[in-house]
Amino acid sequence: MLSGKVKWFNNAKGYGFIVADGGDEDLFAHYSAIQMEGYRTLKAGQAVMFNILQGPKGLHAVEIRPQATVEAPAQTQVAEKGNIKAPA
8 MLSGKVKWFN NAKGYGFIVA DGGDEDLFAH YSAIQMEGYR TLKAGQAVMF
58 NILQGPKGLH AVEIRPQATV EAPAQTQVAE KGNIKAPA
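Numbering (our numbering), first residue to last: 8 to 95.
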């Protein structure tokens, strides 16, 4: 499998494009090729793993697997005697 990032994805139309890491060619990405539970969608800049298949009009990303992103915990600001506290 290759890794890359989502260039853009249109939920209404159900397709977008992915660029492989180290590559410059746009790869067509259809929602039906996304392997995930629930609503299948991608976000611009999202890291993905995928394979490539030659389609009738160019290269297609297939077996697209969105990669889990590690997000920093959100900081909650609580006013307490002028101090701001982050969650424990």
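All C-beta atoms, glycine included, are put in the ideal place defined by N, C-alpha and C.
- Of the candidates P73, E32, G11, the residue whose Cα lies closest to the Cα of G65 is E32.
- As far as DSSP is concerned, L49 takes part in no beta bridge.
- In this structure, DSSP gives A36 an extended state, which the three-state scheme calls strand.
- At a Cβ-Cβ threshold of 8 Å, Q53 and V13 count as neighbours.
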